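Residues 1 to 286 (the UniProt record's numbering) make up the sequence shown, in order.
Where is the CB? At the ideal position from N, CA and C, for every residue including glycine.
Fair warning: this is a prediction, and the values are worked out from it, not measured in the lab.
See below for the structure under consideration.
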Amino acid sequence: MKVRVTCFWDDDSTLLGQLSRYAFGKAQWKDMQLVTNEDYDVLVILTSPHPSLKEYNKEKAVTLLTEPPQSAHIQGEDQSGKVPVYLHLPFWGNIPDEEIKHLSNTGVPKSELLSAVTSELGYMEGHQLRLQVIYHLSQKINEGFDLWGKKYTNHFFEKIHAYRGELTNKYDGLWDYQYHFACENTFIDNYFTEKLTDPILAEALCFYDGCQNIEDFIDPRSFIRINVQDPVTATERIIQAINDEEWEQRIPYIREQKQRLLRDLNPLNIIWLAASGQDVIKACKL
Numbered sequence: 001m002k003v004r005v006t007c008f009w010d011d012d013s014t015l016l017g018q019l020s021r022y023a024f025g026k027a028q029w030k031d032m033q034l035v036t037n038e039d040y041d042v043l044v045i046l047t048s049p050h051p052s053l054k055e056y057n058k059e060k061a062v063t064l065l066t067e068p069p070q071s072a073h074i075q076g077e078d079q080s081g082k083v084p085v086y087l088h089l090p091f092w093g094n095i096p097d098e099e100i101k102h103l104s105n106t107g108v109p110k111s112e113l114l115s116a117v118t119s120e121l122g123y124m125e126g127h128q129l130r131l132q133v134i135y136h137l138s139q140k141i142n143e144g145f146d147l148w149g150k151k152y153t154n155h156f157f158e159k160i161h162a163y164r165g166e167l168t169n170k171y172d173g174l175w176d177y178q179y180h181f182a183c184e185n186t187f188i189d190n191y192f193t194e195k196l197t198d199p200i201l202a203e204a205l206c207f208y209d210g211c212q213n214i215e216d217f218i219d220p221r222s223f224i225r226i227n228v229q230d231p232v233t234a235t236e237r238i239i240q241a242i243n244d245e246e247w248e249q250r251i252p253y254i255r256e257q258k259q260r261l262l263r264d265l266n267p268l269n270i271i272w273l274a275a276s277g278q279d280v281i282k283a284c285k286l
């Protein structure tokens, strides 16, 4: 089965190169061969096609959304064959090739305690709630909490003693850490992103809020759900879990879900499911 994948943020050739990394360098997954020419059996559109793709056969097209409903990139009701599941991209982001070995192996060594990776952006509800929890963590944890992220005004980061700077490779703020805090920008069913999958791949125990039915997709023993609407209680839960050494208790489940992310919930597998006409939601759920 020849499948062409297109998206709005990269041309098809660049996208194919990124997707091939999820198969560890191969442009193939099961019986699916990724192509960039017109000789395809199925066209998979990630949210919306690249501007250079002016025309295509809608009967051959299916759409996987990578953006929440409020995104300006979501097209109208005429979009071809929408699949009711969101594709969690970017999947392991800009990780250097030499670090990919950590993804395929288990037993990532840990030397640090707790991290968060975020920007100072605050225009969405998720941004604001995330920053509130980070502020409370910085007030409660004097040592062992490292905050990484991109500055915009520096008005928030300058208040946080745990701020360590910006990162080119997000995983530099994940590999060494036992625990990680992450929160989605959007709180809806079936929508989760690299904010949860990245720490699991790095074998960190993630304190998470976001996808409303995430337990349908990811074993709840492999992360800890918190309520960012109540930052004080969320902070207390995080500190209690660290004091109880829950990473040591949960690492077997984290590693199980890591393998599941590399296999069943791998973006290429989800693309393959959609291109094959299978029930993607059913196949992705536990």
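Determine the DSSP secondary structure at F145, reduced to helix, strand or coil. What you label residue 145 is simply residue 145 of the sequence shown in a count that begins at 1. In this structure, F145 counts as strand in the three-state DSSP scheme.
Compute the Euclidean distance between the alpha carbons of D230 and P199, then round it to the nearest angstrom. To locate residue 230, count along the sequence shown from 1; it is residue 230. To locate residue 199, count along the sequence shown from 1; it is residue 199. Cα to Cα, D230 sits roughly 22 Å from P199.
Reference T66, options G126, E125, A23 and N190, closest by Cα: The residue given as residue 66 occupies position 66 in the sequence shown. With distances taken between Cα atoms, T66 lies closest to N190.
Flag this pair as yes or no: are the beta carbons of W29 and W272 separated by less than 8 Å? Taking the first residue of the sequence shown as position 1, residue 29 is located at position 29. Taking the first residue of the sequence shown as position 1, residue 272 is located at position 272. Contact flag set, yes.
How is the beta strand (DSSP E) around K170 delimited, first residue to last? Residue mapping note: residue 170 aligns to position 170 of the sequence shown, counting from 1. No beta strand (DSSP E) holds K170; DSSP gives it neither H nor E.
Tell whether a beta-carbon distance below 8 Å holds between R225 and Y208. On the sequence shown, residue 225 is found 225 positions in, with the first residue counted as 1. On the sequence shown, residue 208 is found 208 positions in, with the first residue counted as 1. Yes, the Cβ-Cβ distance between R225 and Y208 is below 8 Å.
In chain order, what residues of the same chain lie with their CB nearer than 8 Å to the CB of R237, ignoring the 5 residues before and after it? As a working mapping, residue 237 is identified with position 237 in the sequence shown. Hits under 8 Å: F207, I224 and I226.
Excluding the 5 residues flanking Y163 on each side, which residues of the same chain have their C-beta closer than 7 Å to its C-beta? Position 163 of the sequence shown, counting from 1, holds the residue named residue 163. Result list for Y163: L147 and F157, in chain order.
Exposed or buried, which one is Y179 when buried takes at least 16 other CB atoms within 10 Å? As a working mapping, residue 179 is identified with position 179 in the sequence shown. Buried.
Alpha helix (DSSP H) segment containing I271, residue limits: Here residue 271 refers to the residue found at position 271 when the sequence shown is read from its first residue. Unbroken alpha helix (DSSP H) run through I271: P267 to A275.
Name the DSSP bridge partner or partners of E112? Taking the sequence shown and counting its residues from 1, the one referred to as residue 112 is at position 112. Partner(s): Y177.
Would you call M1 buried or exposed, if buried means 16 or more other Cβ atoms sit within 10 Å of its Cβ? Residue 1 sits at position 1 when you count from the first residue of the sequence shown. The residue in question, M1, is exposed, as its Cβ has fewer than 16 Cβ neighbours within 10 Å.
Cα-Cα separation between L113 and A23, rounded to whole angstroms: Position 113 of the sequence shown, counting from 1, holds the residue named residue 113. Position 23 of the sequence shown, counting from 1, holds the residue named residue 23. Going from the Cα of L113 to the Cα of A23 covers about 31 Å.
Cβ-based burial, S52 [other Cβ within 10 Å; buried from 16]: Residue numbering aside, residue 52 sits at position 52 when the sequence shown is read from its first letter. Exposed, because fewer than 16 other Cβ atoms sit within 10 Å of the Cβ of S52.
Assigned exposure category for E245 - 16 Cβ within 10 Å defines buried: Here residue 245 refers to the residue found at position 245 when the sequence shown is read from its first residue. E245 is exposed by the Cβ-count criterion.
On a CA-only basis, which of L121, L87 and T47 is nearest T197? Give me that one, please. Position 197 of the sequence shown, counted from the start, is the residue given in the question as residue 197. Of the candidates L121, L87 and T47, the one whose C-alpha sits nearest the C-alpha of T197 is L87.
How many whole angstroms separate the CB atoms of D12 and T36, which I take to be in contact at a CB cut-off of 8 Å? Translated into positions along the sequence shown, residue 12 becomes position 12. Translated into positions along the sequence shown, residue 36 becomes position 36. Rounded, the Cβ-Cβ distance is 4 Å, consistent with contact.
So is T168 buried or exposed if we call it buried at 16+ other beta carbons inside 10 Å? Looking up residue 168 in the sequence shown gives position 168. When all chains shown are included, T168 counts as exposed.
By Cβ distance below 8 Å, which residues in the same chain neighbour Y152 in space, the five residues on each side in sequence not counted? Indexing the sequence shown from 1 puts residue 152 at position 152. Closer than 8 Å at the Cβ level, and outside the excluded window around Y152, lie S119, E120 and L121.
Going by the C-beta, is F192 closer than 7 Å to any heavy atom of the ligand NAP? For the ligand NAP, the structure offers nothing, since it holds no ligand at all.
Which first and last residues belong to the alpha helix (DSSP H) in which D198 is found? Counting from 1 along the sequence shown, the entry for residue 198 is found at position 198. E194 to L201 is the span of the alpha helix (DSSP H), which, as asked, contains D198.
DSSP three-state call for P95: helix, strand or coil? For the purposes of this step, residue 95 is taken as residue 95 along the sequence shown, with counting starting at 1. Strictly speaking, residue 95 in this sequence is Ile, with Pro absent from that position. DSSP places I95 in coil when its eight states are reduced to three.
Coarse secondary structure for P68, derived from DSSP in three states: The residue given as residue 68 occupies position 68 in the sequence shown. DSSP places P68 in coil when its eight states are reduced to three.
Separation of W175 from V228, as counted between CA atoms: Here residue 228 corresponds to residue number 228 of the sequence shown, with the count starting at 1. Here residue 175 corresponds to residue number 175 of the sequence shown, with the count starting at 1. For V228 and W175, the distance between alpha carbons rounds to 24 Å.
Would you tell me roughly how many angstroms separate the C-alpha atoms of Y40 and Q259, rounded to the nearest one? One-based indexing of the sequence shown puts residue 40 at position 40. One-based indexing of the sequence shown puts residue 259 at position 259. C-alpha separation (whole angstroms): 30 Å.
Rounded separation between V44 and I160 - CA only: One-based indexing of the sequence shown puts residue 44 at position 44. One-based indexing of the sequence shown puts residue 160 at position 160. Near 43 Å, if we compare the C-alpha coordinates of I160 and V44.
Span of the alpha helix (DSSP H), counted from its first residue to its last, around Y86: Locating residue 86 in the sequence shown gives position 86, counting from the first residue. First-last for Y86: K82 to Y86, but that is the beta strand (DSSP E), not the alpha helix (DSSP H).
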